[in-house]
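**Student:** Supplied in structure tokens, the structure appears directly below.
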Amino acid sequence: MIIRDLSRIKELEGTLRRADRLSMLGTLAAGLAHEIKNPLGGIKGAAQLLAMELREESSMLDYTQIMLKEVERINFIIEELMDLSNPRPPEIGYVELTRVLNDIILLQREAAHGQNIKFLLDLDPSIPPVQGDESLLTRLFLNLIKNAREAIDHEGEVLIETRISSSYHMTSPGRRSSPMVDITISDTGCGINPEELDRIFTPYFTTKVKGNGLGLAISQKIIEDHHGLLKIESSPGEGTTMIVSLPLRR
Ligand SMILES: Nc1ncnc2c1ncn2[C@@H]1O[C@H](COP(=O)(O)OP(=O)(O)OP(=O)(O)O)[C@@H](O)[C@H]1O
Ligand SMILES: [Mg+2]
4 MIIRDLSRIK ELEGTLRRAD RLSMLGTLAA GLAHEIKNPL GGIKGAAQLL
54 AMELREESSM LDYTQIMLKE VERINFIIEE LMDLSNPRPP EIGYVELTRV
104 LNDIILLQRE AAHGQNIKFL LDLDPSIPPV QGDESLLTRL FLNLIKNARE
154 AIDHEGEVLI ETRISSSYHM TSPGRRSSPM VDITISDTGC GINPEELDRI
204 FTPYFTTKVK GNGLGLAISQ KIIEDHHGLL KIESSPGEGT TMIVSLPLRR
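The opening position of the sequence shown corresponds to residue 4 in the numbering used here, with each subsequent residue numbered one higher.
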């Protein structure tokens with residue numbers, strides 16, 4: 004009898020399927036974003052000229068302010084989209100995960116002010132620095148931890164753990180395989196419906212009033228760029244666990 008563990012292959016398949024969809028959308032989105040940026044610049048310039056023409060006490064100045072603010076917002080969304088479809092190449096260095104995660108938690112504790120959220124950390128101090136791009140990895144974990152915080156209504160817990168994984172990962176064929184680090188982010192929040200689980204990586208899919216729906220799409224891209232894997236376990240009403248596995252060496 005032969006028993007084969009297919010869970011790693013299933014994870015890889017999921018990652019590839021999501022990456023495929025993202026790259027298709029990315030090409031389309033990049034073209035669109037580029038086309039929108041030019042006329043947007045025109046609108047901004049015109050609004051600025053208009054503001055200069057108006058007298059200081061004019062109530063119309065409020066409208067030009069709104070125009071400029073909204074143009075900035077569109078600009079921000081477009082830049083994020085362009086980032087997603089054509090990101091800058093990662094700048095590889097040595098990243099101390101413990102420090103990065105501690106910094107993020109410091110800010111998230113502040114952001115959770117008014118809610119009763121416990122942030123618990125269980126970080127393995129013996130994990131050596133990971134080869135990767137520090138600002139991209141910071142963005143990745145910030146997105147995931149922010150999602151965990153936002154999934155909690157009034158009170159709950161966010162637990163962040165790091166471990167050296169027992170599995171090995173081949174970053175490219177013919178190379179020596181690298182040990183993996185598992186970074187687990189679990190929350191006791193609202194959880195994700197099974198039918199939504201596949202859509203949450205689609206750019207602009209959001210269930211939040213103030214969400215852009217880009218966090219996970221960007222995170223997926225960063226994980227891919229680091230030859231990592233993402234695994235999700237979620238039960239509605241109970242919470243969500245996201246496990247990022249990154250190879251220690253590239
Ligand atoms: N930890 C989580 N618990 C429950 N739902 C989640 C969790 N993480 C993601 N989701 C679901 O996936 C959707 C997409 O997440 P994503 O981070 O891409 O966008 P967003 O958080 O809505 O907006 P943005 O990150 O751009 O501010 C969320 O709107 C939410 O429904
Ligand atoms: Mg998010």
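Glycine residues also receive a C-beta, built at the ideal position from the N, C-alpha and C atoms.
Between the stretch 111-119 and the stretch 221-240, can you find at least three pairs of beta-carbon atoms closer than 8 Å?
**Tutor:** They do not touch, by the three-pair rule.
**Student:** Taking leucine 233 and glutamate 83 to be in contact with their CB atoms under 8 Å, please state how far apart those CB atoms are, rounded to whole angstroms.
**Tutor:** 20 Å between Cβ atoms; not a contact.
**Student:** Count the other CB atoms within 10 Å of the CB of alanine 154; is the residue buried (16 or more) or exposed (fewer)?
**Tutor:** Classification of alanine 154: buried, given that the 10 Å Cβ count is 16 or more.
**Student:** Let me know the secondary structure DSSP gives isoleucine 120 once reduced to three states.
**Tutor:** strand
**Student:** Leaving out five residues before and five after lysine 13 in sequence, what residues of the same chain have Cβ atoms less than 7 Å from its Cβ?
**Tutor:** none
**Student:** Residue range of the alpha helix (DSSP H) that aspartate 190 falls in?
**Tutor:** Not the alpha helix (DSSP H): aspartate 190 falls in the beta strand (DSSP E), residues 181-190.
**Student:** If you pair each beta-carbon of the stretch 173-193 with each one of the stretch 136-155, do three or more pairs fall below 8 Å?
**Tutor:** A contact between stretches requires three or more CB pairs, one per stretch, nearer than 8 Å, and the stretch 173-193 meets this requirement with the stretch 136-155.
**Student:** Given 7 Å as the limit, tell me if glycine 192 has its C-beta closer than that to any heavy atom belonging to ligand 2.
**Tutor:** no
**Student:** Looking only at its own chain, which residues have a Cβ that is under 8 Å from the Cβ of asparagine 215, when we skip the five neighbours before and after it?
**Tutor:** Ile80, Glu83, Tyr207 and Thr209
**Student:** Quick one: give me the first and last residue of the alpha helix (DSSP H) that threonine 67 is part of.
**Tutor:** 63-88
**Student:** For a test of the three-state rule: what should DSSP assign to isoleucine 235, helix, strand or coil?
**Tutor:** strand
**Student:** To test your reading of the DSSP string, which unbroken alpha helix (DSSP H) runs of 4 or more residues are found completely within the stretch 194-235?
**Tutor:** Counting only runs that start and end inside the stretch 194-235, the alpha helix (DSSP H) elements of at least 4 residues fall at 218-228.
**Student:** Give me, in chain order, the residues of the same chain whose beta-carbon lies closer than 8 Å to that of glycine 96; leave out the 5 immediate sequence neighbours on both sides.
**Tutor:** Gln134, Gly135, Asp136 and Glu137
**Student:** Got a sec, what are the start and stop residues for the alpha helix (DSSP H) isoleucine 6 sits in?
**Tutor:** Unbroken run through isoleucine 6: none, as it is neither H nor E.
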